[in-house]
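S.K.: Quick one: the structure is below, and I'll ask about it shortly.
There are 2 protein chains.
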Amino acid sequence: MQNMPDATPAVPFPGRRVLIVGGVAGGASCAARLRRLDETAEIVVFDRGPYVAFANCGLPYFVGDVIADEAKLLVASPELFRDRFNIAVHTDADVVGIDPAARTIAVRDVTTGTERTERYDVLVLSPGAAPIRPALPGIDRPGVFAVRNIPDSRRIRAWITERHAQTAVVVGGGFIGLEMVENLRHRGLDVTLLEKLPQVMPPLDPEMAEPLAEHLESKGVHLRLGDGLARIDEGADGRLAVVAESGAVYQADLVILALGVKPETALARAAGLAIGERDGIRVDAQMRTSDPHIWAVGDVVEVPDVLLGQITVLPLAGPANRQGRVAAESIAGRPTHFRGIQATAVVGVLGLTVASTGASEKGLRRAGVTCFERIYLHPGHHAGYYPGARPIHLKLIFSVPDGRILGAQAVGEEGAEKRIDVIATAIQFGGTVHDLAEAELCYAPQFGAAKDPVNLAGMLAQNVLNGDMPVADWNALDTATSFLVDVREPAEFAAGHIAGAVNLPLSQMRHRYRELPTDRELVVYCGVGQRAYFASRFLAQHGYRSRNLSGGMATSRGFRRG
Amino acid sequence: MQNMPDATPAVPFPGRRVLIVGGVAGGASCAARLRRLDETAEIVVFDRGPYVAFANCGLPYFVGDVIADEAKLLVASPELFRDRFNIAVHTDADVVGIDPAARTIAVRDVTTGTERTERYDVLVLSPGAAPIRPALPGIDRPGVFAVRNIPDSRRIRAWITERHAQTAVVVGGGFIGLEMVENLRHRGLDVTLLEKLPQVMPPLDPEMAEPLAEHLESKGVHLRLGDGLARIDEGADGRLAVVAESGAVYQADLVILALGVKPETALARAAGLAIGERDGIRVDAQMRTSDPHIWAVGDVVEVPDVLLGQITVLPLAGPANRQGRVAAESIAGRPTHFRGIQATAVVGVLGLTVASTGASEKGLRRAGVTCFERIYLHPGHHAGYYPGARPIHLKLIFSVPDGRILGAQAVGEEGAEKRIDVIATAIQFGGTVHDLAEAELCYAPQFGAAKDPVNLAGMLAQNVLNGDMPVADWNALDTATSFLVDVREPAEFAAGHIAGAVNLPLSQMRHRYRELPTDRELVVYCGVGQRAYFASRFLAQHGYRSRNLSGGMATSRGFRRG
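Each protein sequence line maps, in turn, to chains A and B.
For the first sequence, our numbering gives the first residue as 1, with consecutive numbering after it.
For the second sequence, our numbering gives the first residue as 563, with consecutive numbering after it.
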């Protein structure tokens, strides 16, 4: 065990000058990692803002005063970079041009306006992505904010405090939009969320976004789905009047624009670097651009989606950090590669956790993939006999007939992101639903179940794959022509059921199944899917053809809106 | 997507009589699964106790009144088995003999004492494992309890209430012992934990058990390690006097025996079934015993450990349930197999979570495996800039030089079991530390970090594998001959350090490194390992040989006791 390997491998060209444009996430990671691999390089980081290495994922929580101390957001100071890593950091230094032939960059000092030229042997671009700001009337009014950096956040905090802001409109229901909703609510504001799509959280399939929408409304958020921003007028008493495309008007003390981001490619374009079809910088698996002396990392680059085999952009901190690491290893002459992304993500909103990994059903359809199935389940986050179990709404999408896991989405108060992390790991290995069924996970009553939600998801999918439980397509459900059988108890049926269904409780199935028609396919459902599964197994063995409405009534609510 | 598969496959022999001995976990799973696959079989479950399908993992919490309602422990009643599954359940029915030649079992009615014979085509044994009860003086005194079933638990509850019990001794510091400690503390008792080994939680390596031991003591538990039970005498005022092997005497109102369990093989032995070297019933991958008409599942069987390639016994509910499922599939004539176990487990104790998966270091040594390394880290359970981050003490063990993950152990207040679940999943796929470094997991400030603890563990292990960070062996650390360098700041050094270490802070390393000797290997450490890693990378590139004390001071405490 006490193997002492050879000395650290020699770097390709000692003493190189490595310039890094952008000192957050990918850029900062790259700088620190490169120093650990190459003591000889001169490493200089430029950032147009006043800070490097700040926690941009923390900004909404700084606005919300959950993170009250701004200094907490500063993960590493220029002094630390200098003393610990011998890395020079220039803040307020905007890189405005690249001359690839001369291998120089033009740097403008933001405070003085003066410009200078810096020579490089290696250049790393990590400029990030800019909030999308559509050219709509009034978009630049005071009180309209995007959330990208510490000064932005500071301005929003000040505006709320100084104006005694009481109402806000958040435009855009993605990650940042939802986190801003949570934090504005946390500060006591009345919040309206305007989202052009008919659902919140675009990475989710619409039916999985429904529990989140209900949760937002239950927390007093005014949800306006399917309506975009038209313009922002001057409102009463110095407030803003947010006018939606529908014509609806919302008075607000402030407006948050959270319409997504676009890669900041202007510098790269001007330098003639290849830009891909998704408008990000094109890089190889070593994060090298079309210029052999220039690497690029983070939100500005295009990356391969390992599930769809497509090129995409994914502005998330985890991949950005790993890309910075890969670029550093590549620059240091080490074998390395970025494996692509699978779009694992999570957001917490007012006590609810929404997590997903891999492809969504709508993403697969857009990509023309059709040979897949999906199941829904709603298990407790831990054993039901232990107090406090809360449901996790879980969707698993898998390839047919090989069972390869394609994606998963989870919504719940507790334990949702744990299950997505496990499924994300299985996806990383090209795992199948059979692997999920067999997974050996932590179980004690307060942590999980003897059959963990992940196991259950795998087992349900196995039932679909091997024909034990054919599933019906919720989207194609025709209540007029289907023979719908609700196998819940009469009291449950009476409290609400799918239109046209007949009630034949599972508890009476063994005596009454002959009441059902044998000449047509039955569509069977219950509360969450378990009793319907038992019923369908019974019916199949008694000569009936049936399909299961996976997830039962608990899933049906997702198909009601819109 | 609307593939309607062929009808369910025909069962091999319709109308068979399938008898199942033991109606908890594996037995109950097998019965219910078999019914879903075979409507023709006659399925009968026998249990010697008054209940089937009860939540045995919930028993300590029932004793502790966390689960106040006994009915919560009953997952499924005999009536539900009958009405829903057409499965007959006989409780208070003790199976006392098997005649494999005649294919009959002898069943004794526990209430009447009468015996009858039942014929089978297929027999499934799921008798479980019995608490170990060493033949020590006084072990059968009233007030000495084991925790196996609902009547046991009810008796303990009654004893505590009726005697106004104030003090307890728990003998054995494994899963059940620790859960009983928590629950007795929860009921306000003063608890002494007596454990013969020098550590609690035997599945953990000793240094990883240390944070748990400290936690127990901080919660007022009297920990007596390295001392076994000698006898139980009559104490003062009708109490019990627990005498340890050391001669120490502990007065107690009740004693819990939690010394582990042993497979209940008497019935199988008497029937001539093959018993393995670990004293469990020997089964094949389809859970079939040496008799082709008899299957066995759950705590009574021996199973292959997928990491060590050894046969073992593992009395846990997750594997038992999956084995029941596999047995049912095998009986129904379907292709199936049990993949073996990797010993994933978790226990919650008074606010601390302890989880592990795969092989421990001591397990590897016992098995004669030497080509492995291990690293320690203590990251926050979520981003440090978000309030409330709590450390996870994490140990990762991996194969050298291929990097295959062999095992992991985690101890922390939050998020420990999530990381073990992710690593367990990677182990299931034969994953390496490189895979952990690349894992794309959920990140938002309140859930994780851009580099999740799992990523960090993988990256640290990569550093060891590729020679970037050779690690020293904590167990072999000789403070007299090693040149120990503490790279923390002077104030931290002054507050406590490893004997003999010199202090050269990382922040001064670049100016002062020439003070260190070049003619010998340095052993570098810091608080948790990060600064020492930075120092060792610097030193390696300046011609120094160094090794890292992985995990730093936070790990060192684990090597102090004993």
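In this text, a Cβ means the ideal position worked out from N, Cα and C, and glycines have one as well.
The structure presented is a predicted model; accordingly, all values stated were derived computationally and were not measured.
Closer than 7 Å, Cβ to any Cβ of chain A: which residues of the segment 998 to 1010 of chain B, in chain order?
M.R.: Listed in sequence order: Glu1000, Ala1001, Glu1002, Leu1003, Cys1004, Tyr1005, Ala1006, Pro1007, Gln1008 and Phe1009.
S.K.: Considering only their Cβ atoms, is the gap separating Arg747 of chain B from Val804 of chain B smaller than 8 Å?
M.R.: no
S.K.: Short of 9 Å Cβ to Cβ, which residues in the segment 381 to 411 of chain A face chain B?
M.R.: Ala383, Gly384, Tyr385, Tyr386, Pro387, Val400 and Pro401
S.K.: Between Val868 of chain B and Glu839 of chain B, what straight-line distance do the alpha-carbon atoms span, to the nearest angstrom?
M.R.: 17 Å
S.K.: Between the C-alpha atoms of Arg1076 of chain B and Arg1107 of chain B, what's the straight-line distance to the nearest angstrom?
M.R.: In a straight line, the C-alpha of Arg1076 of chain B is about 13 Å away from that of Arg1107 of chain B.
S.K.: Going by beta carbon distance, what residues of the same chain come within less than 6 Å of Gly1020 of chain B, once the five residues before and after it are set aside?
M.R.: Val995, Leu998 and Ala999.
S.K.: The beta strand (DSSP E) with Val811 of chain B in it runs from where to where?
M.R.: It spans Val811 to Ala814 - the beta strand (DSSP E) in which Val811 of chain B sits, taken as one unbroken run.
S.K.: Using the C-alpha atoms, what's the distance from Val614 of chain B back to Ile873 of chain B?
M.R.: 29 Å
S.K.: Starting from Trp1036 of chain B, trace the beta strand (DSSP E) both ways and give me its first and last residue.
M.R.: Element bounds for Trp1036 of chain B: n/a, residue is neither H nor E.
S.K.: Considering only DSSP beta bridges, list what Lys395 of chain A is partnered with.
M.R.: A:Tyr376 and A:Gln409
S.K.: Which residues in the same chain have their Cβ closer than 7 Å to the Cβ of Asp299 of chain A, if we skip the five residues on either side of it in sequence?
M.R.: Gly128, Ala129, Val261, Pro263, Pro315 and Ala320
S.K.: To the nearest angstrom, how far is the alpha carbon of Ala820 of chain B from that of Lys980 of chain B?
M.R.: 27 Å
S.K.: Report back the beta-carbon spacing between Ala879 of chain B and Ala587 of chain B to the nearest angstrom; my notes put them in contact at under 8 Å.
M.R.: 5 Å
S.K.: Considering only residues of the segment 813 to 890 of chain B, which uninterrupted beta strand (DSSP E) runs meet the minimum length of 3 residues and lie entirely inside it, listed in chain order?
M.R.: Whole beta strand (DSSP E) segments, 3+ residues: 816 to 819, 823 to 825 and 856 to 858.
S.K.: Around the Cβ of Gly15 of chain A, are there at least 16 other Cβ atoms within 10 angstroms (buried) or fewer (exposed)?
M.R.: exposed
S.K.: Can you list, in chain order, the residues of its chain whose CB lies under 6 Å from that of Thr673 of chain B, leaving out five sequence neighbours each side?
M.R.: Asp654
S.K.: Pick out whichever of B:Trp1036, B:Ala1094 and B:Arg695 has its Cα sitting closest to the Cα of Ser1069 of chain B.
M.R.: B:Ala1094
S.K.: Enumerate in chain order the residues of its own chain whose CB-to-CB distance from Lys924 of chain B is below 7 Å, with the five nearest sequence positions on each side excluded.
M.R.: Asp767
S.K.: Decide if Pro211 of chain A is buried, meaning its Cβ has at least 16 other Cβ atoms within 10 Å, or exposed.
M.R.: buried
S.K.: Please list the residues of the segment 1087 to 1111 of chain B that have a C-beta atom closer than 9 Å to any C-beta atom in chain A, keeping them in chain order.
M.R.: Here the close residues are Arg1093, Tyr1095, Phe1096, Arg1099, Phe1100, Ala1102, Gln1103, His1104, Gly1105, Arg1107 and Arg1109.
S.K.: Report all residues from its chain with a CB closer than 6 Å to the CB of Arg670 of chain B; omit the five preceding and five following residues, and keep chain order.
M.R.: Residues Asp656, Val658 and Glu677 of the same chain have their beta carbon placed closer than 6 Å to that of Arg670 of chain B, with the five preceding and five following residues left out of the count.
S.K.: Could you tell me which chain A residues have their CB closer than 8 Å to the CB of Gly910 of chain B, listed as they occur along the chain?
M.R.: The contact set of Gly910 of chain B on chain A, defined by CB atoms closer than 8 Å, consists of Ala444, Gln446 and Phe447 in chain order.
S.K.: Check Tyr1075 of chain B in the structure and name its three-state DSSP category.
M.R.: Under the three-state reduction of DSSP, Tyr1075 of chain B is assigned to helix.
S.K.: Compute the Euclidean distance between the alpha carbons of Ala1011 of chain B and Gln990 of chain B, then round it to the nearest angstrom.
M.R.: 24 Å
S.K.: Starting from Arg163 of chain A and walking both ways along the alpha helix (DSSP H), at which residues does that stretch end?
M.R.: Ile150 to Arg163
S.K.: Assign Ser1112 of chain B to one of two classes, buried (16 or more other C-beta atoms within 10 Å of its C-beta) or exposed (fewer than that).
M.R.: buried
S.K.: Cβ closer than 9 Å: which chain A residues qualify as neighbours of Leu1068 of chain B?
M.R.: Residues of chain A passing the Cβ test: Asp83 and Arg84.
S.K.: Can you tell me which residues form a DSSP beta bridge with Lys793 of chain B?
M.R.: In the sequence as presented, Lys is not what sits at residue 793 of chain B; that position holds Arg. Beta-bridge pairing by DSSP links Arg793 of chain B to B:Val805.
S.K.: Against chain A, does Leu635 of chain B count as a neighbour if the rule is that its beta carbon must be under 8 Å from one of theirs?
M.R.: yes
S.K.: So Gly49 of chain A contacts chain B; which residues on that side make the cut at Cβ distance below 8 Å?
M.R.: The contacting residues do not exist; Gly49 of chain A stays about 17 Å from chain B at best.
S.K.: Among B:Asp1040, B:Phe1100, B:Leu698 and B:Thr1043, whose alpha-carbon lies nearest the alpha-carbon of Pro1142 of chain B?
M.R.: Past the edges of chain B, shown from 563 to 1124, lies residue 1142 of chain B, and the structure says nothing about it.
S.K.: Answer with buried or exposed for Cys933 of chain B, where buried requires no fewer than 16 other C-beta atoms within 10 angstroms of its C-beta.
M.R.: exposed
S.K.: Could you check the C-alpha separation between Asp789 of chain B and Leu755 of chain B for me, to the nearest Å?
M.R.: 10 Å
S.K.: Going by Cα to Cα distance, which pick from B:Arg716, B:Leu751 and B:Arg719 is closest to Val731 of chain B?
M.R.: B:Leu751
S.K.: For Ala332 of chain A, which residues from the same chain have a beta carbon less than 7 Å from its beta carbon, with the 5 sequence-adjacent residues on both sides left out?
M.R.: The residues are Val11, Leu34, Leu37 and Asp38.
S.K.: Which value, in whole angstroms, describes the spacing of the CA atoms of Asp486 of chain A and Tyr947 of chain B?
M.R.: 50 Å
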